[in-house]
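The sequence shown runs 22 to 441 under this note's numbering. We treat Cβ as the ideally placed atom computed from N, Cα and C, and that holds for glycine. Bear in mind that the values here come from a model prediction, so they are computed numbers and not experimental data.
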Amino acid sequence: MKNFYFLAIITVFCLINSVCAEDIEDFYIIHVAGPSGESRLEKRQEGLNFNIESAISQIHNLIVEEAGKFRKRSIEEDKINYARESDYVYQIAELNNRAFLYSYLSVPLLKEVDKLPNIEYIEKDYVFEEEATETKYIASHIKQETGWKSIEARGKAKLYLSSISQGPYNSELAKSYDDTYYAPETAGKDVAVFIIDGGFNFNHPNFANRDERTIRCMVSIKGNKYYKLFEDKCMESSNSRHGTMVATLIGGAINGVAPKASIYGMELDKLSSSRIAAALDYIKRFINVKNSDMNAIQQFFKEFNNNGYVIVASSGDKSKNVKSSSEIHLPSAFDYCIGVMATKSQEVKDINGKIEALDIANYGAEIYAPGDVQVRTRNEKDEAVVSSGTGSSYSAALVSGVVALIMSESSTVYNYKNNA
């Protein structure tokens with residue numbers, strides 16, 4: 022396969038509105054540390070593998086022993102010895118000489134597991150809430166102002182598209198609103214966008230230009246385990262409509278911002294931190310990112326950021342401060358992540374002389390973008406439908422598309438190469 026500039030954007034469309042909860046019986050992500058002071062990669066990996074198997078074995082046996090208190094038969098037959106064969110605890114991801122295990126723990130077990138050797142940190146597996154659906158230009162002027170090499174103009178575009186490609190509109194200064202969407206002709210070419218959401222249907226004219234890019238469902242994550250996909254449709258989740266809309270906004274040829282960007286859909290059966298960590302681990306392996314007491318997702322965000330990748334996340338729609346000390350919005354509040362909030366964009370009057378946040382929009386994130394959208398998609402029966410939506414997840418999709426445009430047009434600046 023040819024070498025090309027592979028500029029990845031990882032877009033996460035989910036949120037959580039509470040942290041630092043009290044210890045409760047629930048699912049947890051358990052951070053296991055590898056050996057310290059070992060410089061040789063092979064030996065370091067051997068040590069990490071040993072620590073993983075040891076932790077799985079010990080946690081499994083603690084769970085079996087606790088369950089045995091409530092039954093009469095022997096529990097010895099249920100115990101395991103240094104093997105990754107447990108049905109109660111298993112590995113979901115690995116990064117930087119650390120592994121992440123997943124298990125359901127009672128409060129007493131939580132305290133016992135925390136005492137085990139090589140256990141650095143235990144975090145609750147938070148379940149994320151789903152977010153809320155004639156030429157008028159002179160090309161030489163636009164190229165001079167933007168520095169673009171060439172221009173692609175799409176007339177009679179939806180307001181959410183036309184408004185992000187122009188300066189502020191003021192009816193007192195302009196006779197009429199220009200509904201054209203302007204973008205560089207590179208249009209996201211050679212940029213890969215990974216979308217973590219509930220499901221996708223790419224069987225639509227918005228994704229017909231397969232000769233210019235790759236578009237497919239890449240992986241389905243169920244119960245934190247990978248299932249590789251090479252399909253146009255992965256729609257087992259009840260929220261697959263949302264993922265399809267997000268993908269269309271980012272890279273749809275008709276309704277999207279960056280119609281030449283490659284799109285990789287990552288279907289999650291449930292929006293939880295463990296499943297997102299598993300998805301990020303899969304992306305890490307795909308793009309060859311090199312292998313603390315920090316949230317597992319933020320560790321991945323930091324590694325991707327250090328390797329030139331951009332993380333975009335919606336910031337929620339509950340009219341709250343996303344970085345409040347008492348209630349924080351994740352993952353948009355993490356470092357190494359661009360949080361996006363939503364603005365009104367249903368009618369031209371919404372942007373006439375002003376830009377206003379949606380009434381439901383959270384505040385305090387890095388950037389605002391239109392939050393009222395309408396796209397053409399297909400449902401799980403492949404029936405053509407027009408889908409409308411409102412909220413910051415759609416705003417984040419538009420920002421992801423803009424990032425793809427910038428990366429594609431400036432490939433000498435953003436030049437992370439992928440040789441896979």
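Q: Classify residue 433 as buried or exposed, calling it buried when 16 or more other Cβ atoms lie within 10 Å of its own Cβ.
A: exposed
Q.
Can you look up residue 430 in the DSSP assignment and give me helix, strand or coil?
A. helix
Q. From 136, 59 and 250, pick the residue whose C-alpha is nearest to that of residue 117; which is it?
A. 59
**Q.** Neighbourhood of residue 317 by C-beta, 6 Å cutoff - its chain only, sequence neighbours within 5 removed
**A.** 50, 121 and 298
(Q) On the DSSP letters alone, give me the boundaries of the alpha helix (DSSP H) that residue 319 sits inside. (A) 317-327
(Q) I need the straight-line Cα distance from residue 186 to residue 361, nearest angstrom please. (A) 17 Å
Q | Extent of the continuous alpha helix (DSSP H) run through residue 160 | A | 160-167
**Q.** Span of the alpha helix (DSSP H) around residue 267
**A.** 261-272
Q: Within 10 angstroms of the Cβ of residue 23, are there 16 or more other Cβ atoms? Answer buried if so, exposed if not.
A: Because residue 23 carries a pLDDT of 42, less than 50, the predicted location of this residue cannot be relied on, and the following value inherits that uncertainty. Exposed: under 16 other Cβ atoms inside 10 Å.
Q: Pick helix, strand or coil for residue 68, following the three-state DSSP scheme.
A: Residue 68 sits in a helix when the DSSP states are folded into three classes.
Q: With a 10 Å radius around its C-beta and 16 neighbouring C-beta atoms as the bar for buried, classify residue 383 as buried or exposed.
A: buried
Q: Just the C-alpha distance for residue 366 and residue 106, rounded to the nearest angstrom, thanks.
A: 52 Å
Q. Quick one: what's got a C-beta closer than 7 Å to residue 388's C-beta in the same chain, skipping five residues either side?
A. 359, 361 and 420
Q: Classify residue 381 as helix, strand or coil using the three-state DSSP reduction.
A: It is coil, neither helix nor strand.
(Q) On the criterion of 16 or more Cβ atoms from any shown chain inside 10 Å, does residue 146 qualify as buried, or is it exposed? (A) buried
Q | Distance between residue 245 and residue 290 (C-alpha atoms, nearest Å) | A | 9 Å
(Q) Less than 6 Å between C-beta atoms, sequence neighbours within five positions excluded: which residues of the same chain meet that for residue 281? (A) 208, 209, 210, 233 and 234
Q. What are the complete alpha helix (DSSP H) segments, minimum 4 residues, inside the region 209-256?
A. none
**Q.** Nearest residue (CA-CA) to residue 307, options 295, 247 and 267
**A.** 247
Q | Expected contact under 8 Å - CB spacing of residue 279 and residue 425 to nearest Å | A | 4 Å
(Q) Between which residues of its own chain and residue 223 is the CB-CB distance below 6 Å, once the five residues before and five after are set aside? (A) Same-chain partners within the cutoff: 236 and 253.
Q: Assuming residue 242 contacts residue 175 (C-beta within less than 8 Å), just tell me the rounded distance between them.
A: Incorrect: roughly 34 Å between the Cβ atoms, too far for contact.
Q. What is the C-beta distance between residue 397 and residue 390, in whole angstroms, given that I count them as a contact (C-beta under 8 Å)?
A. Wrong, their Cβ atoms sit about 20 Å apart, outside the cutoff.
Q | Of the listed residues 199, 217, 301 and 47, nearest to residue 266 (C-alpha basis) | A | Distances from the alpha-carbon of residue 266 to those of 199, 217, 301 and 47 put 217 closest.
Q | Continuous alpha helix (DSSP H) stretch holding residue 132: start and end | A | 128-135
Q: Answer yes or no: do residue 272 and residue 225 have a C-beta to C-beta separation smaller than 9 Å?
A: no
**Q.** Expected contact under 8 Å - CB spacing of residue 338 and residue 379 to nearest Å
**A.** The beta carbons of residue 338 and residue 379 sit about 7 Å from each other, so the pair counts as a contact at 8 Å.
Q.
Distance check for residue 262 and residue 363, CA to CA, integer angstroms please.
A. Linking residue 363 to residue 262 through their CA atoms gives a straight-line distance of about 19 Å.
Q: Go to residue 202, then tell me how far its alpha helix (DSSP H) extends in each direction, as first and last residue.
A: No alpha helix (DSSP H) holds residue 202; the beta strand (DSSP E) holding it covers 202-205.
Q: Please classify residue 79: does DSSP put it in a helix, a strand, or coil?
A: helix
**Q.** Residue nearest to residue 85 in terms of C-alpha spacing, selected from 125, 141 and 53
**A.** 125
Q) When the distance is taken between beta carbons, is residue 203 closer than 9 Å to residue 460? A) Here the chain covers residues 22 to 441 and nothing more, so residue 460 does not appear.
Q.
Please tell me whether residue 292 and residue 149 are closer than 9 Å, where the distance is taken between their beta carbons.
A. yes
Q. How close, in whole Å, do the beta carbons of residue 206 and residue 161 come, if the pair is a contact with beta carbons under 8 Å?
A. Incorrect: roughly 14 Å between the Cβ atoms, too far for contact.
**Q.** Residue from 77, 255 and 283 whose Cα sits closest to the Cα of residue 113
**A.** Across the set 77, 255 and 283, the C-alpha of 77 shows the shortest separation from the C-alpha of residue 113.
Q. Between the C-alpha atoms of residue 333 and residue 88, what's the straight-line distance to the nearest angstrom?
A. Our two residues, residue 333 and residue 88, have alpha carbons roughly 42 Å apart in a direct line.
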